[in-house]
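Step one of this worksheet: look at the structure below.
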Amino acid sequence: MQQAMVRKFGKPDLFLTFTCNPSWFEVLNCMEGVQRPEDRPDIIIRVFNIKLKELLEGICKHGIFGTVLTYIYVIEFQKRDLPHAHILLTLDSESKIRTKDDIDKFVSAELPDPCTDLRLFQIVTKCMVHGTCGTININSPCMRDGQCCKSFPKQFKDDTEENVNDTLYIAEEPLNLSR
19 MQQAMVRKFG KPDLFLTFTC NPSWFEVLNC MEGVQRPEDR PDIIIRVFNI KLKELLEGIC
79 KHGIFGTVLT YIYVIEFQKR DLPHAHILLT LDSESKIRTK DDIDKFVSAE LPDPCTDLRL
139 FQIVTKCMVH GTCGTININS PCMRDGQCCK SFPKQFKDDT EENVNDTLYI AEEPLNLSR
């Protein structure tokens, strides 16, 4: 199936991962008494599927990334029994992401302003910021043989750039959680 899609539409342009969060309001709102999300995989799966459908609708019908020619996804389960989806998208020629400016339209490593969007700021700082590691926290789960396996801390960049290993570096500002 994937080979036929590549022959007809070309290589996928975007690879997205959509991960379930057991702390989603819709999951927690369905818990009764002392139940915890891990006690109700049926609810977790139902909410995940609804949110995945909404995400795909936003991408494909509303053109978040432009015109999608085709997409395919697979749902897998993590060690904690939480689902996540890997999504491949092929965009039409006018929507393809070719330049640093194109990348910067969709990807940001800057923190949202807590004065204008406190909720988004809280979500990003809770879910998207790599925690303290290295000599400050040698027991961090990312530590392997005294080094962060994710190569943090990383140097701050003023501009988005690609390196020879095809790793994308996004322009970012120094992290300031005390705003």
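Residues 19 to 197 (the working numbering) are what the sequence shown spells out, left to right. Glycine included, every Cβ here is placed at the ideal spot set by N, Cα and C.
task = Return the CA-CA distance between L74 and I93, expressed in angstroms with no decimal places.
result = As a first step, residue 74 must be located in the sequence shown, where it is residue number 56. As a first step, residue 93 must be located in the sequence shown, where it is residue number 75. Looking at the two C-alpha atoms, the distance is approximately 13 Å.
request  = Please state whether DSSP places Q96 in a helix, a strand or coil.
outcome  = One-based indexing of the sequence shown puts residue 96 at position 78. Note: Q96 maps to coil in three-state DSSP.
inquiry  = Taking 8 Å as the limit between beta carbons, can you name the residues of its chain near F170, skipping five residues before and five after?
reply    = Here residue 170 refers to the residue found at position 152 of the sequence shown. Around F170: H148, C151, G152, C160.
ask   = Hey, would you say G81 sits closer than 8 Å to E112, going by beta carbons?
value = As a working mapping, residue 81 is identified with position 63 in the sequence shown. As a working mapping, residue 112 is identified with position 94 in the sequence shown. Result no, Cβ atoms of G81 and E112 do not sit closer than 8 Å.
task = Would you mind working out which of L109, F124, E56 sits nearest K212, comparing C-alpha positions?
result = Because the chain in this structure spans residues 19 to 197, residue 212 falls outside the shown range and cannot be described.
message = Under 8 Å: do the region 59-67 and the region 95-102 share three or more Cβ pairs, one atom per stretch?
response = yes
inquiry  = Using only the alpha-carbon positions, how far apart do R197 and Q21 sit?
reply    = The residue given as residue 197 occupies position 179 in the sequence shown. The residue given as residue 21 occupies position 3 in the sequence shown. Unreliable placement is indicated for R197, whose pLDDT of 48 sits below 50; no coordinate value is reported for it.
request  = Tell me, please, which residues DSSP counts as bridged to I105.
outcome  = In the sequence shown, counting from the first residue as 1, residue 105 sits at position 87. Per DSSP, L34, Y91.
ask   = Hey, would you say F27 sits closer than 8 Å to L107, going by beta carbons?
value = For the purposes of this step, residue 27 is identified with residue 9 of the sequence shown, where counting begins at 1. For the purposes of this step, residue 107 is identified with residue 89 of the sequence shown, where counting begins at 1. Taking 8 Å as the Cβ cut-off, F27 and L107 do not qualify as a contacting pair.
Cα-Cα separation between R116 and L46, rounded to whole angstroms = Mapped onto the sequence shown, residue 116 falls at position 98. Mapped onto the sequence shown, residue 46 falls at position 28. So the alpha carbons of these two residues sit roughly 40 Å apart.
key: C167 burial status per 10 Å Cβ neighbour count (16 or more: buried)   = To locate residue 167, count along the sequence shown from 1; it is residue 149. By the 10 Å Cβ count, C167 comes out exposed.
request  = For G76, I'd like the list of residues in its chain whose CB is within less than 7 Å of its CB, leaving aside the five on either flank, ordered along the chain.
outcome  = One-based indexing of the sequence shown puts residue 76 at position 58. Result list for G76: I82, in chain order.
query = According to the Cβ coordinates, are M23 and I90 closer than 8 Å?
reply = As a position in the sequence shown, residue 23 is number 5, starting the count at 1. As a position in the sequence shown, residue 90 is number 72, starting the count at 1. Yes, Cβ-Cβ distance for M23 and I90 is below 8 Å.
query = Who are M23's beta bridge partners in DSSP?
reply = Stepping through the sequence shown from its first residue, residue 23 is reached at position 5. BP columns for M23 are empty, so no partner.
inquiry  = Per the DSSP calculation, M161 is bridged to which residue(s)?
reply    = Position 143 of the sequence shown, counted from the first residue, corresponds to residue 161. Answer by DSSP bridge pairing, in chain order: C166.
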